[in-house]
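Following: one structure in structure tokens, then a few remarks.
Number of protein chains: 2
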Amino acid sequence: MKQSKNRVEELEGILRDGGVRVTRQRAAILKILAEAEDHPDASELHRRAKEIDATVSLSTVYRTLSALEQQGVVQRHAFENATARFETADAPHHDHLIDIETGAVIEFRSDKIEQLQAEIAAELGYDLVRHRLELYCRKRKD
Amino acid sequence: MKQSKNRVEELEGILRDGGVRVTRQRAAILKILAEAEDHPDASELHRRAKEIDATVSLSTVYRTLSALEQQGVVQRHAFENATARFETADAPHHDHLIDIETGAVIEFRSDKIEQLQAEIAAELGYDLVRHRLELYCRKRKD
DNA sequence: AGCCAGTTGCAAATGCTTCTCATTTGCATT
DNA sequence: AATGCAAATGAGAAGCATTTGCAACTGGCT
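Top line first, the protein sequences correspond to chains A and B. Residue 46 in the working numbering sits at position 46 of the first sequence, and the numbers go up by one each step. The working numbering runs 1000 ahead of the 1-based position in the second sequence.
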């Protein structure tokens, strides 16, 4: 929260450097993204962004997310039968554990798994470009 | 191929036991699925099924696939920005490597990764229910 | 053979996402 | 500060894969 202003300015800089204009609407969306601790979808981002700038349209949210994705500052996730969800791409690579009861998303990282994946691809004669690993879980009851 | 007739009869038995009628259309779809060596999507299945029974509609393909999925004889996969693809659920569990140039799907299995996934979930206080692991790769050139 | 809930084909509806287009706006240049 | 213009915008239409409503059929048990 305290740092989100800096973070937003940093993101705006990345956009400008990439030749992408920083409009009022985009600034609002960036702020929301920088503050988000969860993995909101487009319409949730729209809902939140409208509180900063009521003129933001859903089209613009989608267009901005695509632009941000291309600039590499946002990542799009398509979890099981759900709409696309987004997060800023500042954190190092990680995979996701999804609570199938609440939809909550927990990030994790396993270097061992990362390495095994590359090995498997290599064995099959391929170079690993990217991967998707999602664990659908239920909170342990006991 | 030689065994697909038996396989189809087996699948039909599963359906009947599950209280699901085996109609002309469903028999055609089952045959196609049993013969498929790839991971076709709904419209490809439709195309193939129509060669056996021209009356099969795309709606029925979708409805049948849902029924089969519920009976546990078919698995649905939603790979990156693509339509859902299906395969019979007879083979033991495996994950998928997708050739990002051709869309080809290769199955693989790593007990080590399976085990690591369960460990990660446990560490985070969860029970792993199911998971999705997809490797998006490019064929090694050299 | 006859019944009747389960199935079907068709078309219309969905829901997310992208696109079209007329209008506005950022911002580099005067 | 005013100008020019490509980029961006809002609103709504369009796309696309998938689902659904409905009237007409049909498995499969009696």
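For glycine and all other residues, C-beta sits at the position ideal for the given N, C-alpha and C.
Status (buried if at least 16 other CB within 10 Å, exposed otherwise) for residue i
i               : result
A54 (chain A)   : exposed
T1064 (chain B) : buried
R1024 (chain B) : exposed
E1080 (chain B) : exposed
K2 (chain A)    : At K2 (chain A) the pLDDT is 46, less than 50, meaning the model places this residue with poor confidence; the figure from the coordinates comes in the next sentence. It counts as exposed.
K1141 (chain B) : exposed
A121 (chain A)  : buried
E1087 (chain B) : buried
R48 (chain A)   : buried
K143 (chain A)  : Outside the displayed range of chain A (1 to 142) lies residue 143 (chain A), so it cannot be described from this structure.
H1093 (chain B) : exposed
Q117 (chain A)  : buried
A1028 (chain B) : buried
A1091 (chain B) : exposed
D95 (chain A)   : buried
R26 (chain A)   : buried
E1134 (chain B) : buried
A1082 (chain B) : exposed
R16 (chain A)   : exposed
R1021 (chain B) : exposed
Proximity test, Cβ basis, 8 Å: residue i and chain B
i              : result
V105 (chain A) : no
G125 (chain A) : yes
R63 (chain A)  : no
K2 (chain A)   : Summary for K2 (chain A): the model assigns pLDDT 46, below 50, so the residue's position carries little reliability; its value from the coordinates is reported in the next sentence. Not one chain B Cβ lies under 8 Å of K2 (chain A).
Residue(s) in a DSSP beta bridge with residue i
i               : result
F86 (chain A)   : A:R76
R132 (chain A)  : B:E1134
E126 (chain A)  : According to the sequence shown, residue 126 (chain A) is Tyr rather than Glu. Answer is B:K1139, bridged to Y126 (chain A).
I1106 (chain B) : B:L1097
CB contact check: residue i to chain A, cutoff 8 Å
i               : result
V1129 (chain B) : yes
Q1070 (chain B) : no
E1134 (chain B) : yes
I1113 (chain B) : yes
L1030 (chain B) : no
L1097 (chain B) : yes
G1018 (chain B) : no
S1066 (chain B) : no
Proximal chain A residues relative to residue i, where beta-carbon distance stays under 8 Å
i               : result
S1110 (chain B) : L116, I120
R1140 (chain B) : A122, G125, Y126, D127
DSSP state of residue i mapped onto helix, strand, coil
i               : result
D111 (chain A)  : helix
V22 (chain A)   : coil
D1038 (chain B) : coil
A67 (chain A)   : helix
T965 (chain B)  : Outside the modelled stretch of chain B, which goes from 1001 to 1142, sits residue 965 (chain B), for which no answer is possible.
D1053 (chain B) : coil
N81 (chain A)   : coil
A1027 (chain B) : helix
A121 (chain A)  : helix
K2 (chain A)    : Bear in mind that a pLDDT of 46 at K2 (chain A), under 50, signals an unreliable position, so the number given afterwards is only what the model happens to contain. Of the three classes helix, strand and coil, the one that applies to K2 (chain A) here is coil, per DSSP.
Within chain B, partners of residue i - CB distance below 7 Å
i             : result
R37 (chain A) : Strictly speaking, residue 37 (chain A) in this sequence is Glu, with Arg absent from that position. The premise fails here: E37 (chain A) is roughly 17 Å from chain B at the closest Cβ pair, so nothing lies under 7 Å.
Listed by chain order, chain B residues near residue i by CB distance under 8 Å
i             : result
E12 (chain A) : The contacting residues do not exist; E12 (chain A) stays about 28 Å from chain B at best.
Proximal chain A residues relative to residue i, where beta-carbon distance stays under 7 Å
i               : result
I1100 (chain B) : V129
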